[in-house]
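Everything on this sheet refers to the single structure shown next.
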Amino acid sequence: NANQLFHDEL
Amino acid sequence: MNVFRIAGDISHLASIFILIHQITITKSVQGISFKTQLLYSIVFITRYLDVTFRWVSLYIFAMKLFFIASSLYIIFLMRNRFRTSEVTKLDTFPIVYLLAGSGVLALIFTYDYSITEVLWAFSLFLESVAILPQLFMLQRTGQAKTLTTHYIFALGLYRALYIPNWFYRYFAEGRFDTLAVFTGIVQTLIYSDFFWVYYNRVMKGLNFELP
Chain Y
1 NANQLFHDEL
Chain E
11 MNVFRIAGDI
21 SHLASIFILI
31 HQITITKSVQ
41 GISFKTQLLY
51 SIVFITRYLD
61 VTFRWVSLYI
71 FAMKLFFIAS
81 SLYIIFLMRN
91 RFRTSEVTKL
101 DTFPIVYLLA
111 GSGVLALIFT
121 YDYSITEVLW
131 AFSLFLESVA
141 ILPQLFMLQR
151 TGQAKTLTTH
161 YIFALGLYRA
171 LYIPNWFYRY
181 FAEGRFDTLA
191 VFTGIVQTLI
201 YSDFFWVYYN
211 RVMKGLNFEL
221 P
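Going line by line, the protein sequences match chains Y and E. To convert, note that position 5 of the first sequence is 5 in our numbering; the numbers rise steadily by one, no gaps. Just so we're on the same page, our numbering is the position in the second sequence counted from 1, plus 10.
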């Protein structure tokens, strides 16, 4: 899951 | 951004303001675990390293800077301004195990073997248990100042609110961050006993006292 590598939460 | 996430972040901000307010008005750090605060500083620094190279939004940028700066400020207040030896005596949780355990789990479960990803995973595992020294201290003293309990409650509420946020994001965006969700649920479970006592006593206007 590629979007797991984009951390957009705090 | 959904309502759960915003409410969670506001609750997180509130917890920090409550803590700083308590320390500055009472000029005391009694009942507050330095070890927990130290762990939160480590959590924020290791997780928000990416503030220097990854742009998400102004909101995320400002919040990351705030969390790093405020946690270091609390460390400063506790160590340099209002330090007392009584507090240190009660603050005896062996955090080395939390640090080591989080390190090992991060190395096993990280999404990618890069320094920033491993540190990010480490910060999640560490955050999930960072409140333990504080809860342990509460257990030893058996009671707490009302502001301290509001602080712990607001902090626990923040992670609890992230759980519906993850449900929402899974259904609305197809996004599911396994590590964040798993550690977030663990963290919320760690708070569950505390929530129960808080609800039964503090919400009803009584002092926080453990049975």
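C-beta atoms are modelled at their ideal positions from N, C-alpha and C, and glycine is treated no differently.
Any Cβ of chain Y within less than 8 Å of the Cβ of residue i?
i: E/Met73; result: yes
i: E/Asp60; result: yes
i: E/Thr188; result: yes
i: E/Tyr50; result: no
i: E/Tyr121; result: yes
i: E/Ile26; result: no
i: E/Ile35; result: no
i: E/Arg130; result: Reading off the sequence, residue 130 of chain E comes out as Trp, not Arg. Yes, contact with chain Y.
i: E/Val212; result: no
i: E/Ile162; result: no
i: E/Ile118; result: no
i: E/Ile70; result: yes
Would you grab the beta carbon distance between residue i and residue j for me? Rounded to a whole angstrom, and I think it's under 8 Å.
i: E/Ile33; j: E/Phe92; result: 6 Å
i: E/Leu129; j: E/Leu59; result: 6 Å
i: E/Lys45; j: E/Ile105; result: 5 Å
i: E/Leu189; j: E/Ala131; result: 6 Å
i: E/Met73; j: E/Asp122; result: Wrong, their Cβ atoms sit about 24 Å apart, outside the cutoff.
i: E/Val53; j: E/Ala140; result: 6 Å
i: E/Ser138; j: E/Thr193; result: 4 Å
i: E/Gln47; j: E/Ile84; result: 5 Å
i: E/Leu109; j: E/Leu148; result: That belief does not hold up - the Cβ atoms of E/Leu109 and E/Leu148 are roughly 21 Å apart, past 8 Å.
i: E/Leu165; j: E/His22; result: 7 Å
i: E/Leu75; j: E/Val66; result: About 13 Å; that fails the 8 Å criterion.
i: E/Ile2; j: Y/Leu10; result: Residue 2 of chain E is absent from the structure shown; chain E starts at 11 and stops at 221.
Do residue j and residue i come within 8 Å of each other at the CB atom, strictly closer than that value?
i: E/Gln197; j: E/Arg169; result: yes
i: E/Leu29; j: E/Tyr208; result: no
i: E/Val39; j: E/Val114; result: no
i: E/Ile173; j: E/Ile200; result: no
i: E/Leu82; j: E/Ser51; result: yes
i: E/Arg150; j: E/Leu216; result: no
i: E/Phe205; j: E/Thr156; result: no
i: E/Ile78; j: E/Ile55; result: yes
i: E/Gly152; j: E/Leu220; result: yes
i: E/Arg15; j: E/Ser133; result: no
i: E/Thr158; j: E/Ile35; result: no
i: E/Asn210; j: E/Asn12; result: no
i: E/Arg64; j: Y/Asn3; result: no
What in chain Y is Cβ-close to residue i, meaning under 7 Å?
i: E/Arg185; result: Asn3
i: E/Asp19; result: Leu10
i: E/Val66; result: Asp8
Counting only Cβ pairs nearer than 9 Å, list the residues of chain Y close to residue i.
i: E/Val53; result: Here the premise fails: no neighbours, minimum Cβ distance about 11 Å.
i: E/Ile200; result: Those within 9 Å of E/Ile200 in chain Y number zero; the least Cβ separation is about 19 Å.
i: E/Ile125; result: Correct list: empty, because the minimum Cβ distance to chain Y is about 14 Å.
Using a cut-off of 8 Å between C-beta atoms, extract the partners of residue i located in chain Y.
i: E/Ile141; result: By Cβ distance, chain Y contributes nothing, its closest Cβ being about 17 Å from E/Ile141, past 8 Å.
Residues of the region 76 to 101 of chain E in Cβ contact with chain Y at a cutoff of 8 Å, in chain order, please. Residues are counted here when their Cβ sits less than 8 Å from a Cβ of chain Y; for the region 76 to 101 of chain E these are Phe77, given in chain order.
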